[in-house]
Amino acid sequence: MATEAYGTSSAPEATAALPPEAEKLLLVLRRSTGPVGARQAARSLAETGAKISEASVSRVLSHLDSLGLTEPVGRKGRVLTEQGGRHVARRLSDQRRNADFSKALDIQTMQQLLDWLHARRGVECEVVRAVAERAGDDALARLEELLAAHEKAIDAGADPTPVAMRFHTELAQAADSPLLRALATLLQTEELAPMEQLLDTITGGHGTMGRSTREHESILEALRARDPDAAERAMRAHLDRLITEVDEFARGDLGGMLPRLLRLIR
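Residue numbering for the sequence shown is 66 to 331, as defined by our numbering.
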């Protein structure tokens, strides 16, 4: 392990970006009932498959001391400080939350697909309101370019999914709200791209795929006019239509094909 990995960054910055080995060491200390020395820590890490030399462990522990996350107890070893305990608790909470999100977004049924669209509707209606009120002209120009690219892809018979997704992700960026951007990004990750393709398959079967570009145009018109109410109505109409089409598909003869469709597009 390179000593240079542990420089002189300020504590808040360094704590926010600890290397994996340091995070694993903090977990070892958290699970221990008493002080942990470098040799014991190295053995504990080896049991988890992380092979780190005792000397490297000592360097990492010294760095964690400097950040106020650990402290020595005589010659017995290190323990977590109160700050270190809070740091580990946050990391574990983040891991559990990420696992919960991943599970929730692993869409396998029509009801889950509809739930995803309902969640998007709630978030994206607020996103476009914020865009109408806060976005600069440059952001609107990027949306114009994406709309044109979307129309071109459909006219050329190319896959419209990537550019359609970018239109929605660009809206989230233009909202100038870290919270709305985070919520929208969670519902529009690359892992969910197959769901967008599934929507295109469903709307393509209904002959309505081209309606998305017209609906995006309506959203953009409201944004140009800086009218948050009109922008919300346009986004709601767009997602309401998708929800209705998915619901109709689910109730039809082909509704049971979802698992097969998901296997084909994933």
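Where a beta carbon is used, it is the ideal one built from N, C-alpha and C, also for glycine.
State yes or no: is the C-beta of residue 234 within less than 7 Å of the C-beta of residue 262?
no
From the DSSP output, in three-state form, read off residue 138 for me.
coil
For residue 195, which residues in the same chain have their Cβ closer than 7 Å to its Cβ, ignoring the five residues on either side in sequence?
240, 241, 242 and 245
Which residues does DSSP list as the beta-bridge partners of residue 94?
DSSP output for residue 94 lists no bridge partner at all.
Start and end residues, beta strand (DSSP E) containing residue 144:
143-145
Is the region 309-319 close to the region 267-280, with three or more CB pairs under 8 Å?
yes
If you draw a straight line from the C-alpha of residue 74 to the C-alpha of residue 133, how long is it?
Note that residue 74 scores a pLDDT of 49, beneath 50, so its modelled location is shaky; the value from the coordinates is reported in the next line. The alpha-carbon atoms of residue 74 and residue 133 are separated by roughly 13 Å.
The region 103-118 contacting the region 161-168, beta-carbon criterion three pairs below 8 Å:
no
With distances taken between CB atoms, is the gap from residue 281 to residue 212 smaller than 7 Å?
yes
At what residue ranges does the region 236-302 contain a whole run of the beta strand (DSSP E), taking only runs of 3 or more?
none
For residue 203, which of 251, 288 and 170 has the nearest alpha-carbon?
288
Are the CB atoms of residue 126 and residue 143 nearer to each other than 7 Å?
yes
Residue 130 to residue 112 span [Cα, whole Å]:
24 Å
What does the Cβ neighbour count give for residue 93, buried or exposed, with the cut at 16 atoms within 10 Å?
buried
Report the rounded CA-to-CA distance for residue 86 versus residue 183, giving the unit in angstroms.
40 Å
Every unbroken alpha helix (DSSP H) within the region 144-190, with a cutoff of 4 residues, ordered by chain:
147-169
DSSP puts residue 101 in a beta bridge; with which residues?
143
Residue 91 and residue 153 look like a contact to me (Cβ under 8 Å); what is the Cβ gap, rounded to whole Å?
5 Å
Other residues of its chain near residue 307: CB distance less than 7 Å, five sequence neighbours each side excluded:
182 and 264
Could you tell me the boundaries of the alpha helix (DSSP H) in which residue 214 lies?
202-220
Where does residue 53 sit, in a helix, a strand or coil, going by DSSP?
In this structure the chain extends from 66 to 331, so residue 53 is not present and cannot be described.
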